[in-house]
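Below is one structure, written out as structure tokens, with a few remarks after it.
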Amino acid sequence: MTEERVKKLKVRRSKANTRERNRMHGLNEALEVLREYVPCYSKTQKLSKIETLRLARNYISSLAGILKNGVKPDTITFAKTLTDGLSQNTMNLVAGSLQLNPRTLMP
DNA sequence: TAGGCCATCTGGTCCT
DNA sequence: AGGACCAGATGGCCTA
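Those letters in the first sequence? Residues 1 to 107, by UniProt numbering.
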């Protein structure tokens with residue numbers, strides 16, 4: 001491979017890295033917006049990416065259930081649906097935001 | 001100190 | 001040829 005070719009490939013890789021970085025920043029911005037739409041949003045105690053996605057999924061599921069049945073569940077049932085499959089830490093945050101004792105969400 | 005989370009780099013694949 | 005997207009690897013930081 002000629003020196004010129006190697007140089008060209010390095011430049012191309014460097015540009016690709018920059019684009020990839022920007023792409024991931026865009027993805028993170030979108031995730032940040034999503035964080036604001038799910039319960040227990042906090043600027044100081046941010047949920048992890050995976051927990052944000054799981055909570056969003058549960059939240060959508062809860063809201064869909066309310067629309068389908070036309071009945072609003074009690075707070076504990078609502079909170080249990082929201083925290084299904086989430087970490088203990090996130091459960092505590094959700095419980096706090098709904099002014100519930102975290103113990104009420106224990107399995 | 002181990003495990004979780006994250007940012008970044010990288011090579012592969014697909015599309016224009 | 002070059003850009004977008006993706007998944008794996010790696011190293012740094014934080015916390016239980």
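Ideal placement from N, C-alpha and C gives every residue a C-beta, glycine not left out.
Counting along the chain, where does the alpha helix (DSSP H) carrying residue i start and finish?
i            : result
glutamine 88 : 88-97
tyrosine 59  : 49-69
lysine 80    : 75-82
Kindly give me the distance between the Cβ atoms of residue i and residue j, rounded to whole angstroms, as I take these residues to be in contact under 8 Å.
i            : j            : result
threonine 75 : leucine 98   : 6 Å
glutamine 45 : leucine 9    : Actually they are not in contact, since the Cβ atoms of glutamine 45 and leucine 9 sit about 44 Å apart, beyond 8 Å.
leucine 86   : glutamate 32 : So it is not a contact: roughly 19 Å between Cβ atoms.
Helix, strand or coil for residue i, going by three-state DSSP, please let me know.
i              : result
serine 14      : helix
tyrosine 37    : helix
glycine 85     : coil
methionine 106 : coil
asparagine 22  : helix
lysine 7       : helix
asparagine 101 : coil
Check whether the stretch 24-40 and the stretch 49-66 touch, using three or more Cβ-Cβ pairs below 8 Å as the test.
yes
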